[in-house]
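Numbering (my numbering), first residue to last: 51 to 663. Heads up, the thing below is written out as structure tokens.
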Amino acid sequence: MVISKDLLLKKGIDMAEEAFSQRTITCGGLTKADAGKKVVLNGWVHRDRNHGALHFINLRDRYGITQVVVDDDASKELQETAAKLRMEFCIAVVGVVRLRPDSMVNPDMATGEVEVKADSIEILSKCLPLPFMIDGEAEPNEDLRLKYRFLDLRTEGMQKRMKLRHEFVKAIRQYFYKTDFYEIETPTLIKSTPEGARDFLVPSRFYPGKFFALPQSPQLYKQILMVSGMDKYFQIARCYRDEDARGDRQLEFTQLDMEMSFVTRDDILAIMEEMFNEVFIKVMDTKLPEQFRRITYHDSMNTYGNDKPDLRFNIEIHDLNKLAVESTFALFNTTVANGGFVKGLCAPNTEGVSFSRKYIDALQDAAKIYGAQGLAWIKVGANNTLSGGVSKFFVGKEELIINEFNAKDGDLILMVAHENWKKCCTSMGAVRTKLGKELDLIKKGFEFCWIIDFPLFEFNEDENHWEAAHHMFSMPQSQYLDTLESDPGAVKGDLYDLVLNGYEVASGSIRIHDVELQKKIFRICNIDDATAQEKFGFLLDAFKFGPPPHGGIAPGIDRMVMIMAEETSIKEVIAFPKNTAACSPMDDSPSFVDSIQLEELHLKAIFPEKKKD
RNA sequence: GAGGGCGUAGCGAAGCUGGUUAUCGCGUCGGCCUGUCACGCCGAAGAUCGCGGGUUCGAUCCCCGUCGCUCUCGCCA
Numbered sequence: 051m052v053i054s055k056d057l058l059l060k061k062g063i064d065m066a067e068e069a070f071s072q073r074t075i076t077c078g079g080l081t082k083a084d085a086g087k088k089v090v091l092n093g094w095v096h097r098d099r100n101h102g103a104l105h106f107i108n109l110r111d112r113y114g115i116t117q118v119v120v121d122d123d124a125s126k127e128l129q130e131t132a133a134k135l136r137m138e139f140c141i142a143v144v145g146v147v148r149l150r151p152d153s154m155v156n157p158d159m160a161t162g163e164v165e166v167k168a169d170s171i172e173i174l175s176k177c178l179p180l181p182f183m184i185d186g187e188a189e190p191n192e193d194l195r196l197k198y199r200f201l202d203l204r205t206e207g208m209q210k211r212m213k214l215r216h217e218f219v220k221a222i223r224q225y226f227y228k229t230d231f232y233e234i235e236t237p238t239l240i241k242s243t244p245e246g247a248r249d250f251l252v253p254s255r256f257y258p259g260k261f262f263a264l265p266q267s268p269q270l271y272k273q274i275l276m277v278s279g280m281d282k283y284f285q286i287a288r289c290y291r292d293e294d295a296r297g298d299r300q301l302e303f304t305q306l307d308m309e310m311s312f313v314t315r316d317d318i319l320a321i322m323e324e325m326f327n328e329v330f331i332k333v334m335d336t337k338l339p340e341q342f343r344r345i346t347y348h349d350s351m352n353t354y355g356n357d358k359p360d361l362r363f364n365i366e367i368h369d370l371n372k373l374a375v376e377s378t379f380a381l382f383n384t385t386v387a388n389g390g391f392v393k394g395l396c397a398p399n400t401e402g403v404s405f406s407r408k409y410i411d412a413l414q415d416a417a418k419i420y421g422a423q424g425l426a427w428i429k430v431g432a433n434n435t436l437s438g439g440v441s442k443f444f445v446g447k448e449e450l451i452i453n454e455f456n457a458k459d460g461d462l463i464l465m466v467a468h469e470n471w472k473k474c475c476t477s478m479g480a481v482r483t484k485l486g487k488e489l490d491l492i493k494k495g496f497e498f499c500w501i502i503d504f505p506l507f508e509f510n511e512d513e514n515h516w517e518a519a520h521h522m523f524s525m526p527q528s529q530y531l532d533t534l535e536s537d538p539g540a541v542k543g544d545l546y547d548l549v550l551n552g553y554e555v556a557s558g559s560i561r562i563h564d565v566e567l568q569k570k571i572f573r574i575c576n577i578d579d580a581t582a583q584e585k586f587g588f589l590l591d592a593f594k595f596g597p598p599p600h601g602g603i604a605p606g607i608d609r610m611v612m613i614m615a616e617e618t619s620i621k622e623v624i625a626f627p628k629n630t631a632a633c634s635p636m637d638d639s640p641s642f643v644d645s646i647q648l649e650e651l652h653l654k655a656i657f658p659e660k661k662k663d
């Protein structure tokens, strides 16, 4: 709604002398029905087309674009003002709405049936020549966009994405308010704890040498809120991790953090399914399945080659150990004999794509990044024939491999042999993902799935001890409670990730609420009781006072909106993101500070030595 | 920490098996224009081809280094 003079008068507020002609309607608000009305528009000059005695101005604000006309009967003053206008000048237009002549209607414009004949134009502020065009025709490089983010945010694309993000968060809040969750804020100056990513530290002026940390997530606080009997909590929470940025990762990002008491895994999954169903109807006008597919971590790795499968296309990875020993390929034979793995997939014959040597080499490069030594390949021909690559090792076994994949003439079979199961899976997964994109197999839409039954621990080779695969507060599945210490690698946790279109968009678990079990997990992760008490004492203490069973999840807002906006970088859905080098070109942060500030904080900067030749 | 890609007027691009007056579109400045909607027309300004070095008679182009951005691996429970 526009704040209008009428509204102020209705409330009995005396108008001060007018600072400027204040809008009575927005640039997206006019329709045929408004013809004849006197209106005031405020906005930016999107484009102007000066025909001398006739002058058109496309005036833009958040709501749309309206054509303003300065006619040939305009006063000299008005004509002169109009001639001075340049792109992105901020102006006020007083005028009268009129219908456009039939032949002048612009069907591509929401307001294309009308125009505003200007009686006067007021320049509210001028604009320098633009560093880049904001009409979205050509996209300037990202660094420049970030430096002039205030202009970049004026573009149609950014305006749309900010709106989408707003609608998304609004719908989420509406769901949680309706379902009786409390929205509770947790601190952003917290205790640094040793799990997870590198912390951002905040020095304490009162306590020399002591630091707060910025939260990597509100994890421990939300668990304590459960101990406090809050029962159902959520928060749109900012989180901070001092690690290298990526397309889908920023130093600071936003999570929908939620936690519930007296629940099991399936309760959390059901709530999330219900929430996303409601939100996607509201925001995307899209009906999701009422239940999302569930895939175990093990199956996901085996079939899709990662723990965040893109289910929008259906290439599947096959276990080829049995088939491999039928071949005469020594690498396959020995890999299987040594307890290793052979896996493969079938790339469908695709019009316009030739499976050339060069093409296969590029696929091999993708596999090698994830640890494959090579990529074996076979071309499938007509009438159950094989050719090229390692086909000579499958002489007489053609039907075996062709039937395995139900392969057709022109298909390409790609295989990896590796001693290490995970590397075998992930390198095939990289090939699968690349094929999905390059063969244009990816269907439009939203394919959610749950990944469940993750291992609770993984072994850290560098530091030679077990650590939590997710985090140390997740509950082991009950059938492993007796073998936690004797066989940590086999333990599955009550963990779940939500995956959408190949991205991990949420991660959660049922939590431990038993002090002794929690301590046991700490010990397996090489944290002794004394350290545990020092770092996590507040949580352990809380758990001595009747903690309820509880669990939760935390969907990433940025990633979700990115996918909904069909973008591949979360920077596109964050108003003021950092660049890859972890700084903000607009405000030039981080920056040096005054030495007095450092002294106050009892800090001294130590600069790394410059590299010598 | 490692690898790939990119770097040419304010912006987006072209050029290069080594020789050009370095090209085009948008924007900017000046002029013309009565129905445009990426308005049109005429004219002008604007580039040490990221930076440093090398090869060469000659480098925007080839080589080495360096800086910046970007994507990826590591890292990110």
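Ideal placement from N, C-alpha and C gives every residue a C-beta, glycine not left out. Quantities reported herein were computed from a predicted structural model and do not represent experimental measurements.
query: Rounded to whole angstroms, how far is the Cβ of Leu178 from the Cβ of Val164, which I believe are closer than 8 Å?; result: Contact flag wrong, Cβ pair sits at about 31 Å.
query: Going by C-alpha distance, which of Leu648, Val643, Arg97 and Phe626 is nearest Arg195?; result: Phe626
query: Can you give me the C-alpha to C-alpha distance between Ala221 and Arg97, rounded to a whole angstrom?; result: 35 Å
query: Per DSSP, what kind of secondary structure is Gln72 in: helix, strand or coil?; result: coil
query: Classify Ala83 as helix, strand or coil using the three-state DSSP reduction.; result: helix
query: Measure the C-alpha to C-alpha separation of Lys654 and Pro253 and round it to an integer number of angstroms.; result: 11 Å
query: So what's Lys662 in DSSP terms, helix, strand or just coil?; result: Confidence is the limiting factor: at Lys662 the pLDDT is only 39, short of 50, which leaves the residue's position unreliable and the question unanswerable from this model.
query: How should Lys661 be labelled, buried or exposed, when 16 other C-beta atoms within 10 angstroms of its C-beta is the threshold for buried?; result: For Lys661, the predicted model reports a pLDDT of 43, less than 50, meaning its position is unreliable and no value from the coordinates is stated.
query: Out of curiosity, what's the CA-to-CA distance linking Met308 and Tyr530?; result: 27 Å
query: Excluding the 5 residues preceding and the 5 following Glu449 in the sequence, name in chain order all residues of the same chain whose CB lies nearer than 7 Å to its CB.; result: Asn434
query: Hey, Asn399 and Asp459 are a contact pair by Cβ (cut 8 Å); roughly how many whole angstroms apart?; result: 7 Å
query: Need the endpoints of the beta strand (DSSP E) that Thr346 sits in, please.; result: Arg343 to Thr346
query: Report the option in Ser267, Phe250 and Leu270 whose CA atom is closest to the CA atom of Phe261.; result: Phe250
query: Is the beta carbon of Ile501 less than 7 Å from the beta carbon of Ile321?; result: no
query: Mind checking whether the beta-carbon of Ala467 lies closer than 6 Å to any heavy atom of the ligand FMN?; result: This structure does not include the ligand FMN; it has no bound ligands of any sort.
query: Give a yes or no on whether the C-beta atoms belonging to Thr385 and Ala467 are separated by under 7 Å.; result: yes
query: With distances taken from CA atoms, which of Ile274, Asp193, Gly495 and Val333 is nearest Pro597?; result: Ile274
query: Below 8 Å CB to CB, which residues in the same chain sit around Ser242 once its five sequence neighbours on both sides are set aside?; result: Asp249, Leu251, Phe261, Phe262 and Ala263
query: What's the C-alpha gap between Gln527 and Thr533?; result: 11 Å
query: Measuring straight from C-alpha to C-alpha, what distance separates Asn356 and Gln423?; result: 18 Å
query: Within the continuous beta strand (DSSP E) that includes Thr546, where are the two ends?; result: According to the sequence as given, residue 546 is Tyr; it is not Thr. Leu545 to Leu550 is the span of the beta strand (DSSP E), which, as asked, contains Tyr546.
query: Mind checking Met183: buried by the 16 CB within 10 Å criterion, or exposed?; result: exposed
query: For Ile428, does the three-state DSSP call read helix, strand or coil?; result: strand
query: Count the other C-beta atoms from every protein chain shown that fall within 10 angstroms of the C-beta of Phe455, then say buried if there are 16 or more, exposed otherwise.; result: buried
query: Report the rounded CA-to-CA distance for Phe657 versus Phe642, giving the unit in angstroms.; result: 12 Å
query: For Pro664, which option in Glu517, Gly552 and Leu550 has the closest C-alpha, if you only look at C-alpha atoms?; result: With the chain running from 51 to 663 in the structure shown, residue 664 is simply not present.
query: Can you find the residues in the same chain that come closer than 8 Å, C-beta to C-beta, to Val333, ignoring five residues on each side of it along the sequence?; result: Leu214, Glu217, Phe218, Ala221 and Met614
query: Which residues in the same chain have their Cβ closer than 7 Å to the Cβ of Ala592, if we skip the five residues on either side of it in sequence?; result: Ile274 and Val277
query: Let's test the definition: count the other Cβ atoms within 10 Å of the Cβ of Gly229 and tell me whether it reaches 16, buried, or not, exposed.; result: Inspection of the sequence shows that residue 229 is occupied by Thr rather than by Gly. Result: exposed.
query: Mind checking Val445: buried by the 16 CB within 10 Å criterion, or exposed?; result: exposed
query: Using the Cα positions of Met51 and Val313, report the straight-line distance between them to the nearest angstrom.; result: Summary for Met51: the model assigns pLDDT 46, below 50, so the residue's position carries little reliability, and this model does not support an answer.
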